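These notes are about the structure you will find just below.
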Amino acid sequence: MIRKHNDQPLKEILQEWIKSRKMENRLNLSRIREVWSEEMGTSINQYTREMKIIRRKLFIAIDSAPLREELHLNRDKIRVRMNAALGEEYLEEVVVRG
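In structure tokens, the structure reads:
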């Protein structure tokens with residue numbers, strides 16, 4: 146009996162499976178929420194109402210107007226941090242809104 150060896154790493158196999166099931170957005174959003182609460186702290190996290198990803202854009206809904214403005218000014222830094230946490234350039238843009 147001849148066995149075929151698949152030299153593809155398990156990580157790549159799982160990533161392909163996740164993409165085929167269209168679960169990539171949900172998985173990345175889960176990671177982003179974790180990183181958001183760790184890096185931004187509880188004070189910012191308590192004003193965060195909603196987070197969602199649509200077409201590689203991260204939408205963040207913030208209840209506090211001054212905080213929303215501050216995060217809006219730093220949205221490029223937020224995108225870089227979140228992409229670093231994901232280990233890839235997944236997010237193209239961060240949109241902060243009320």
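Reading the sequence shown from the start, the letters are residues 146 to 243 in my numbering. C-beta atoms are modelled at their ideal positions from N, C-alpha and C, and glycine is treated no differently. Quick caveat, the model's predicted, so the values are computed rather than measured.
Residue environment, residue i, which counts as buried when at least 16 other CB atoms sit within 10 Å
{"i": "Leu203", "result": "buried"}
{"i": "Asn219", "result": "exposed"}
{"i": "Val239", "result": "buried"}
{"i": "Val241", "result": "buried"}
{"i": "Met227", "result": "buried"}
{"i": "Asn173", "result": "buried"}
{"i": "Leu159", "result": "exposed"}
Span of the alpha helix (DSSP H), counted from its first residue to its last, around residue i
{"i": "Arg226", "result": "Arg220 to Leu231"}
{"i": "Lys156", "result": "Leu155 to Ser165"}
Limits of the unbroken beta strand (DSSP E) element including residue i
{"i": "Glu269", "result": "The question about residue 269 has no answer, for the chain in this structure spans 146 to 243."}
Unbroken beta strand (DSSP E) runs of length 3 or more, entirely within the segment 170 to 228: which are they? 193 to 199 and 202 to 207
Touching or not, the segment 192 to 212 and the segment 159 to 168, by the rule of three or more beta carbon pairs under 8 Å? no
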